[in-house]
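Below is one structure; the comments refer to it alone.
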Amino acid sequence: YEQKLADQNAAIDGVAADASHDQRPFAVVIENQIDSRPQSGLSQADIVYEALAEGGITRFLAVFQSQDVKSIGPVRSARTYFNDWAQELAATYVHVGGNSDALYYLSKGIPGVSNADQFYNGDYFTRISSRPAPHNVYTSTDMLRKLAARQGFSMQKSYDDYLFKDDQPAGAAAQAKSISIDFSEPAYAVQWKYDQQSNTYQRYQAGSAAIDAGNGKDIYAKNVIVQRVANWPVASDTLLSISMGTRTGGNAQIFMDGNETDGTWKLVNGRTKFFDQSGNEIKFDRGQFWIEIVPPGNDVTVK
Numbered sequence: 012y013e014q015k016l017a018d019q020n021a022a023i024d025g026v027a028a029d030a031s032h033d034q035r036p037f038a039v040v041i042e043n044q045i046d047s048r049p050q051s052g053l054s055q056a057d058i059v060y061e062a063l064a065e066g067g068i069t070r071f072l073a074v075f076q077s078q079d080v081k082s083i084g085p086v087r088s089a090r091t092y093f094n095d096w097a098q099e100l101a102a103t104y105v106h107v108g109g110n111s112d113a114l115y116y117l118s119k120g121i122p123g124v125s126n127a128d129q130f131y132n133g134d135y136f137t138r139i140s141s142r143p144a145p146h147n148v149y150t151s152t153d154m155l156r157k158l159a160a161r162q163g164f165s166m167q168k169s170y171d172d173y174l175f176k177d178d179q180p181a182g183a184a185a186q187a188k189s190i191s192i193d194f195s196e197p198a199y200a201v202q203w204k205y206d207q208q209s210n211t212y213q214r215y216q217a218g219s220a221a222i223d224a225g226n227g228k229d230i231y232a233k234n235v236i237v238q239r240v241a242n243w244p245v246a247s248d249t250l251l252s253i254s255m256g257t258r259t260g261g262n263a264q265i266f267m268d269g270n271e272t273d274g275t276w277k278l279v280n281g282r283t284k285f286f287d288q289s290g291n292e293i294k295f296d297r298g299q300f301w302i303e304i305v306p307p308g309n310d311v312t313v314k
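Take 12 as the starting number for the sequence shown in the numbering used here and just add one per residue.
What follows is the structure, given as structure tokens:
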């Protein structure tokens, strides 16, 4: 059955896709400072990584493949760990500059990654007048496809797929109805609440439902993963930048169907894979992923 599914056109999130939406993904750095909210495009991303940047602020790497998205942003600068996750997906990596170490590695060339830096591709981004710089750079999947064509970037996908299964909703028996993540201060507190009807988790930020400004919709995930990843300061950087142990493996909590599976993560064939406590690779529900990159010491409360 899994083999049959793999032979069909399926996007990175396991949902059936036509050939034009079964191509190389775009991985876009999107900011999450308070004045960047609400962001555009997050409800239509196939995968969103949420990770700390500097000073307790979180930032997103949003992966777009299976949908046409009219507005994506605000696009912000690269970090080394976003470089790493873009490399896992052999993505076209979309950002506005970066900090010194991220740009250093990009300048050397990262295998599998095409570098779509706004600094050198400004025609494919717009600055909106309703927000001040630097919180106002936006793009779209249409613009990014044009950028890729202009630069001669491959559109062939090349990544190791997750395993997928059919939904098995717990319904009223759900054991994980609420997931609360303490990244830093209350403005960056995240909560996911299980919605029995749709068998998804709805995102809340700083106590309010998160909204996608691009389409006015709430944000839901079929699969929420808390991936424990250590970080440490970058010694040479005056901006309080951090590095992350994206390759080391560690603990993980996987939420889907209203329940929690405790397990681990490790790099397999160049991609982060998730395993239960018996060592079996996790099979996910088809649909949007949010991967919450949480330091080992931070509180995650499940109710």
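Cβ coordinates follow ideal geometry from the N, Cα and C atoms, glycine included.
Output the boundary residues of the alpha helix (DSSP H) element that contains T152. Counted from its first residue, the sequence shown places residue 152 at position 141. Here the alpha helix (DSSP H) through T152 covers 152 to 162.
Give the secondary structure of Y104 by DSSP, where H, G and I count as helix, E and B as strand, and everything else as coil. Walking along the sequence shown from the start, residue 104 turns up at place 93. If DSSP states are grouped into helix, strand and coil, Y104 belongs with the strands.
Would you decide whether D310 is buried or exposed? Buried here means 16 or more other CB atoms lie within 10 Å of its CB. Along the sequence shown, one-based indexing puts residue 310 at 299. With fewer than 16 Cβ atoms within 10 Å of its Cβ, D310 is classed as exposed.
Near W243, what residues of its chain come up, given a Cβ to Cβ distance below 7 Å and the 5 sequence neighbours on each side ignored? The residue given as residue 243 occupies position 232 in the sequence shown. Excluding residues within five positions, the ones whose Cβ falls inside 7 Å are I253, S254.
For D172, which of helix, strand or coil comes out of DSSP? Taking the first residue of the sequence shown as 1, we reach residue 172 at position 161. DSSP places D172 in coil when its eight states are reduced to three.
Bridge partners - V305, DSSP secondary structure assignment: Taking the sequence shown and counting its residues from 1, one reaches residue 305 at position 294. Listed as beta-bridge partners of V305 by DSSP are R239.
Among all the DSSP beta bridges, which residues are the ones paired with Q216? Residue 216 sits at position 205 when you count from the first residue of the sequence shown. In DSSP, Q216 forms a bridge with V201, S219.
By a C-beta neighbour count over all protein chains shown, 10 Å radius and 16 as the cutoff for buried, is A38 buried or exposed? Position 27 of the sequence shown, counted from the start, is the residue given in the question as residue 38. Answer is buried; the Cβ neighbour count reaches 16.
Could you give the residue range of the beta strand (DSSP E) that holds N270? Taking the first residue of the sequence shown as 1, we reach residue 270 at position 259. Looking at the DSSP string, the run of the beta strand (DSSP E) that includes N270 is 270 to 279.
In the DSSP assignment, what are the bridge partners of T257? As a working mapping, residue 257 is identified with position 246 in the sequence shown. Beta-bridge pairing by DSSP links T257 to no other residue.
Closest by C-alpha distance to S88, when choosing among V107, D268, A22, V74: Against the sequence shown, residue 88 aligns to sequence position 77. Ranking the options by Cα distance to S88, first place goes to V107.
Given a cut-off of 8 Å, decide if E65 and L251 are closer than it, judged by their beta-carbon atoms. Translated into positions along the sequence shown, residue 251 becomes position 240. Translated into positions along the sequence shown, residue 65 becomes position 54. Yes; because the gap between Cβ atoms is below 8 Å, this pair is in contact.
Can you check which of these residues, P143, H146, T150, S141, is closest to D128 by C-alpha distance? Looking up residue 128 in the sequence shown gives position 117. The residue with the shortest Cα to Cα distance from D128 is T150.
Continuous alpha helix (DSSP H) assignments of at least 4 residues falling wholly in the segment 69 to 121: Those alpha helix (DSSP H) runs which fall completely within the segment 69 to 121 and span 4+ residues are 91 to 99, 111 to 119.
Compute the Euclidean distance between the alpha carbons of A17 and P85, then round it to the nearest angstrom. For the purposes of this step, residue 17 is taken as residue 6 along the sequence shown, with counting starting at 1. For the purposes of this step, residue 85 is taken as residue 74 along the sequence shown, with counting starting at 1. With a pLDDT of only 47 at A17, under the threshold of 50, the placement of this residue in the model should not be trusted; the figure read from the coordinates follows. Cα to Cα, A17 sits roughly 34 Å from P85.
Among the residues of its own chain, which have a CB less than 6 Å from the CB of W301, if the five just before and after it don't count? The count along the sequence shown starts at 1 and reaches residue 301 at position 290. Result list for W301: V59, A232, V235, in chain order.
From the DSSP output, in three-state form, read off I45 for me. Counting from one through the sequence shown, the residue named residue 45 turns up at place 34. If DSSP states are grouped into helix, strand and coil, I45 belongs with the helices.
Please report the distance separating the alpha-carbon of A30 from that of N20. Position 19 of the sequence shown holds residue 30. Position 9 of the sequence shown holds residue 20. Each residue's Cα considered, the two are about 6 Å apart.
Among residues of its own chain, excluding the 5 on either side of A198, which ones have a beta-carbon nearer than 6 Å to its beta-carbon? As a working note, residue 198 is residue 187 in the sequence shown. These residues qualify, in order along the chain: I45, A217.
Is it true that the CB of D178 sits closer than 8 Å to the CB of D57? Residue numbering aside, residue 57 sits at position 46 when the sequence shown is read from its first letter. Residue numbering aside, residue 178 sits at position 167 when the sequence shown is read from its first letter. For D57 and D178, no; Cβs fall outside 8 Å.
D128 - containing beta strand (DSSP E), residue span: Position 117 of the sequence shown, counted from the start, is the residue given in the question as residue 128. For D128, the uninterrupted beta strand (DSSP E) segment begins and ends at 125 to 128.
Go ahead and pull the three-state DSSP assignment for D134. Taking the sequence shown and counting its residues from 1, one reaches residue 134 at position 123. Helix, per DSSP.
Alpha-carbon to alpha-carbon, A22 and A28: Position 17 of the sequence shown holds residue 28. Position 11 of the sequence shown holds residue 22. Distance between the alpha carbons of A28 and A22 is about 6 Å.
Throw me the rounded Cβ distance for the K294 and K176 pair, which I believe falls under 8 Å. Here the question's residue 294 lines up with position 283 in the sequence shown. Here the question's residue 176 lines up with position 165 in the sequence shown. The pair is a contact, with the Cβ atoms about 4 Å apart (cut-off 8 Å).
Residue burial classification, Y212 (beta-carbon count within 10 angstroms, cutoff 16): Taking the first residue of the sequence shown as position 1, residue 212 is located at position 201. It counts as buried.
Cβ pair R35, S165 closer than 8 Å: Here residue 35 is taken as the residue at index 24 of the sequence shown, counted from 1. Here residue 165 is taken as the residue at index 154 of the sequence shown, counted from 1. In contact: R35 and S165 (Cβ atoms closer than 8 Å).
Per-residue burial, G182 [other beta carbons within 10 Å of its own, 16 or more giving buried]: Here residue 182 refers to the residue found at position 171 when the sequence shown is read from its first residue. Exposed is the call here.
In whole angstroms, what is the alpha-carbon distance linking S111 and A185? Counting from one through the sequence shown, the residue named residue 111 turns up at place 100. Counting from one through the sequence shown, the residue named residue 185 turns up at place 174. In this structure, the straight-line span from the alpha carbon of S111 to that of A185 is close to 45 Å.
Residue span of the beta strand (DSSP E) that contains D296, given as start and end: Your numbering for residue 296 matches position 285 in the sequence shown. Residues 294 to 296.
Closest by C-alpha distance to Q208, when choosing among R239, I230, S54, P180: Along the sequence shown, read from residue 1 onward, the residue named residue 208 stands at position 197. When only C-alpha atoms are compared, the closest one is P180.
Just the C-alpha distance for V305 and R138, rounded to the nearest angstrom, thanks. To locate residue 305, count along the sequence shown from 1; it is residue 294. To locate residue 138, count along the sequence shown from 1; it is residue 127. In a straight line, the C-alpha of V305 is about 31 Å away from that of R138.
Report the rounded CA-to-CA distance for A159 versus Y170, giving the unit in angstroms. Position 148 of the sequence shown, counted from the first residue, corresponds to residue 159. Position 159 of the sequence shown, counted from the first residue, corresponds to residue 170. Note on geometry: alpha-carbon atoms of A159 and Y170 lie some 18 Å from one another.
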